[in-house]
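Heads up: the sequence lines are chains A and B, in that order. First residue of the first sequence? That's 0 in numbering that gives the first Met the number 0, and the numbers climb one at a time after it. First residue of the second sequence? That's 0 in numbering that gives the first Met the number 0, and the numbers climb one at a time after it. Remarks on the structure that follows.
2 protein chains.
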Amino acid sequence: MRAPDELRALVEEGLAALALSPELHGLEESLRYALDGGGKRIRPVLVLATCEAAGGRAEDALPAAWALELVHTFSLVHDDLPALDDDDERRGRASTHVAFGEAVGILAGDALLAEALRLALSYPSPQVARELVDATLGMIGGQYLDIRGDDYSEKVNRLKTGRLFDASVGLGLWVAEVPEAEQAPWRVFASELGLLFQLVDDLLDGDGSVASVGAEETRRLADAAAERAHARLDSLSVDTTVLEDIVAGLAARTA
Amino acid sequence: MRAPDELRALVEEGLAALALSPELHGLEESLRYALDGGGKRIRPVLVLATCEAAGGRAEDALPAAWALELVHTFSLVHDDLPALDDDDERRGRASTHVAFGEAVGILAGDALLAEALRLALSYPSPQVARELVDATLGMIGGQYLDIRGDDYSEKVNRLKTGRLFDASVGLGLWVAEVPEAEQAPWRVFASELGLLFQLVDDLLDGDGSVASVGAEETRRLADAAAERAHARLDSLSVDTTVLEDIVAGLAARTA
Numbered sequence: 000m001r002a003p004d005e006l007r008a009l010v011e012e013g014l015a016a017l018a019l020s021p022e023l024h025g026l027e028e029s030l031r032y033a034l035d036g037g038g039k040r041i042r043p044v045l046v047l048a049t050c051e052a053a054g055g056r057a058e059d060a061l062p063a064a065w066a067l068e069l070v071h072t073f074s075l076v077h078d079d080l081p082a083l084d085d086d087d088e089r090r091g092r093a094s095t096h097v098a099f100g101e102a103v104g105i106l107a108g109d110a111l112l113a114e115a116l117r118l119a120l121s122y123p124s125p126q127v128a129r130e131l132v133d134a135t136l137g138m139i140g141g142q143y144l145d146i147r148g149d150d151y152s153e154k155v156n157r158l159k160t161g162r163l164f165d166a167s168v169g170l171g172l173w174v175a176e177v178p179e180a181e182q183a184p185w186r187v188f189a190s191e192l193g194l195l196f197q198l199v200d201d202l203l204d205g206d207g208s209v210a211s212v213g214a215e216e217t218r219r220l221a222d223a224a225a226e227r228a229h230a231r232l233d234s235l236s237v238d239t240t241v242l243e244d245i246v247a248g249l250a251a252r253t254a
Numbered sequence: 000m001r002a003p004d005e006l007r008a009l010v011e012e013g014l015a016a017l018a019l020s021p022e023l024h025g026l027e028e029s030l031r032y033a034l035d036g037g038g039k040r041i042r043p044v045l046v047l048a049t050c051e052a053a054g055g056r057a058e059d060a061l062p063a064a065w066a067l068e069l070v071h072t073f074s075l076v077h078d079d080l081p082a083l084d085d086d087d088e089r090r091g092r093a094s095t096h097v098a099f100g101e102a103v104g105i106l107a108g109d110a111l112l113a114e115a116l117r118l119a120l121s122y123p124s125p126q127v128a129r130e131l132v133d134a135t136l137g138m139i140g141g142q143y144l145d146i147r148g149d150d151y152s153e154k155v156n157r158l159k160t161g162r163l164f165d166a167s168v169g170l171g172l173w174v175a176e177v178p179e180a181e182q183a184p185w186r187v188f189a190s191e192l193g194l195l196f197q198l199v200d201d202l203l204d205g206d207g208s209v210a211s212v213g214a215e216e217t218r219r220l221a222d223a224a225a226e227r228a229h230a231r232l233d234s235l236s237v238d239t240t241v242l243e244d245i246v247a248g249l250a251a252r253t254a
């Protein structure tokens, strides 16, 4: 079992060297720029850690892990566009549409989604790609509810953030060939983890749950989600130490 | 063997009743609007006709045919955006971003692409989805070269238009379970058909090839492409009468 930092190094190395379709021509530069933003790579690390905990090889899960990071990056590139969140910066750098222009920003997002599916389709069975595309549709639906601005915040978070956490765990399970009938407890774990991530995000940003129930209550809710995530891992009869580390890291994160 | 019009009716009926992901919530309305634009459905009809000619059942090819039409529609919705071609109208109606706002236009295109892949992934083998995603990447690369405005017109057409024609034939072949080693002549046919389509488009719009070599020479080139497409069909030892009709229809089209 490798520690989260070792898994993250595996993800980074492969992402930097990822072969993209030659038919993208010069558009490739904008995809690489968006992928090179130095995120925490939480989702792909979770894919690898889940796969190892479930008895698979992390290396076999790498294409699925990269695919998920590409979907996440696609969503950031499109969310940053002027018509959506209109963010000029992302992690201290110009966002993709600012660096390359809005037209390229739109096409770069499209291509990231298509490249993600191409990676997910490198597996002999279509299950990995199906998991990814279903989660992507949920995420897009969440983004739609978000821009509508209705009072849907829990539902929005469940879709916008939660669906990719579901997929992080789901992709690892499919690669490790865990039968669908045995996936339920893992998927409940994923759902607690997505909630924990969102609540800590709200604490760091001072919005969402913090705005509606306050920081103290949000911290309590986050700790309760972390506790339930740990309890769910305890119920699995496999070595989940790396996943425990990930839960603890998410609960304690400060950025 | 069913005539192109009968195949088109099959496509239309299913598209109107297509089940979309419930997680899209209200975004669904914009996808249906974009899909309901009354296009000629040339690409999905070609999927069905190829599948039947190659010995498969058109009904089995329907999800692949719809998937391709969704990718085509995704590309139109994003191409019409202000940052790209900035088209307010599409086939006599307000384009999707005008009818629903720019943010929804972006998300609707994203969701159409993801729904297309979901449909393509309904097959047990990943070949249909792989064909579709590879063609999509080529098409996006063509759109990138187009907005760059470099003098790439033949290459742009080969990618932007040609790759979805390749996929129209390729999808039909995979559903009919034609082994890859036997697909080459069909794929040459697809490439001639894509060229024919583009040349006739240029004749109708008075641009592209017409602007560079004139209308008369463009007509001659189109007729030569149609002739090569027919010759390629003649070389196949199956009943290709419906595909012959499609070639003749494309060569003679006036809209």
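A virtual CB, placed ideally from N, CA and C, is assigned to each residue, including glycine.
If you compare alpha carbons, which of the options is closest to residue i?
i	options	result
B:Glu-101	B:Asp-79, B:Val-155, B:Glu-5 and B:Ser-124	B:Asp-79
A:Val-174	A:Glu-12, A:Gly-54, A:Trp-185 and A:Ala-254	A:Gly-54
B:Thr-95	B:Glu-22, B:Leu-75 and B:Leu-170	B:Leu-75
B:Arg-31	B:Leu-232, B:Leu-192 and B:Trp-65	B:Trp-65
A:Gln-142	A:Leu-163, A:Asp-87 and A:Ser-124	A:Leu-163
B:Ala-225	B:Ser-211, B:Gly-37 and B:Gln-197	B:Gln-197
A:Leu-170	A:Gly-161, A:Gly-108 and A:Arg-129	A:Arg-129
A:Leu-67	A:His-24, A:Ser-29, A:Leu-116 and A:Pro-81	A:Leu-116
A:Asp-133	B:Leu-220, B:Asp-109, B:Lys-154 and B:Leu-144	B:Asp-109
A:Ala-60	A:Lys-39, A:Ser-121 and A:Ala-15	A:Ser-121
B:Asn-156	B:Ser-124, B:Ser-190 and B:Ser-236	B:Ser-190
A:Lys-39	A:Gln-126, A:Ala-93, A:Leu-14 and A:Leu-235	A:Leu-14
A:Ser-29	A:Gly-205, A:Val-97, A:Ala-247 and A:Lys-159	A:Val-97
A:Pro-21	B:Leu-112, B:Leu-192, B:Leu-136 and B:Arg-1	B:Leu-136
B:Ala-183	B:Ser-234, B:Pro-81 and B:Ile-146	B:Ser-234
B:Ala-82	A:Leu-83, A:Asp-84 and A:Ile-105	A:Ile-105
B:Arg-42	B:Ala-33, B:Leu-17, B:Ala-16 and B:Thr-72	B:Thr-72
B:Val-103	A:Leu-118, A:Asp-201, A:Asp-84 and A:Val-246	A:Asp-84
A:Arg-92	A:Ala-33, A:Gly-148 and A:Thr-239	A:Ala-33
B:Val-177	B:Cys-50, B:Asp-244 and B:Lys-154	B:Cys-50
B:Leu-172	B:Val-127, B:Leu-118 and B:Ile-146	B:Val-127
Would you mind telling me which residues of chain B sit closer than 7 Å to residue i, beta carbon to beta carbon, in chain order?
i	result
A:Val-132	Ala-113, Leu-116, Arg-117 and Leu-120
A:Pro-125	Leu-120, Pro-125 and Ala-128
A:Gln-142	Leu-106
A:Glu-101	Ala-82
A:Ala-110	Leu-136 and Ile-139
A:His-77	Ile-105 and Asp-109
A:Leu-34	Neighbours of A:Leu-34 on chain B: none; closest Cβ ~16 Å, over 7 Å.
What does residue i pair with, by DSSP beta-bridge criteria?
i	result
A:Ala-113	Per DSSP, none; premise fails for A:Ala-113.
B:Ala-93	B:Glu-88
Confirm, please, whether the CB-CB distance from residue j to residue i is below 8 Å.
i	j	result
B:Val-46	B:Ser-167	yes
B:Leu-249	B:Leu-194	no
A:Phe-188	A:Arg-231	yes
B:Leu-19	B:Glu-114	yes
B:Arg-90	B:Gly-25	no
B:Val-199	B:Ala-221	yes
B:Val-237	B:Ala-57	no
B:Val-241	B:Ala-2	yes
A:Leu-192	A:Val-246	yes
B:Leu-112	A:Leu-112	yes
B:Ser-152	B:Gly-207	yes
Using a cut-off of 8 Å between C-beta atoms, extract the partners of residue i located in chain A.
i	result
B:Ser-20	Asp-133, Leu-136, Gly-137 and Gly-140
Please list, in chain order, the chain A residues whose beta carbon lies closer than 9 Å to that of residue i.
i	result
B:Ile-41	Result: empty, since nearest Cβ-Cβ is about 22 Å, beyond 9 Å.
Cβ closer than 8 Å: which chain B residues qualify as neighbours of residue i?
i	result
A:Arg-147	Gly-25
Find the residues of chain B that neighbour residue i, judging by a C-beta separation of less than 9 Å, and give them in chain order.
i	result
A:Leu-158	Glu-22 and His-24
How would you label residue i, buried or exposed, when you count the other beta carbons within 10 angstroms and need 16 or more for buried?
i	result
B:Thr-253	exposed
A:Gly-213	exposed
A:Val-209	buried
B:Ala-180	exposed
B:Leu-203	exposed
B:Glu-5	exposed
A:Glu-216	exposed
B:Gly-140	buried
A:Pro-125	buried
B:Ala-48	buried
A:Asp-165	buried
A:Gly-148	exposed
B:Ala-251	exposed
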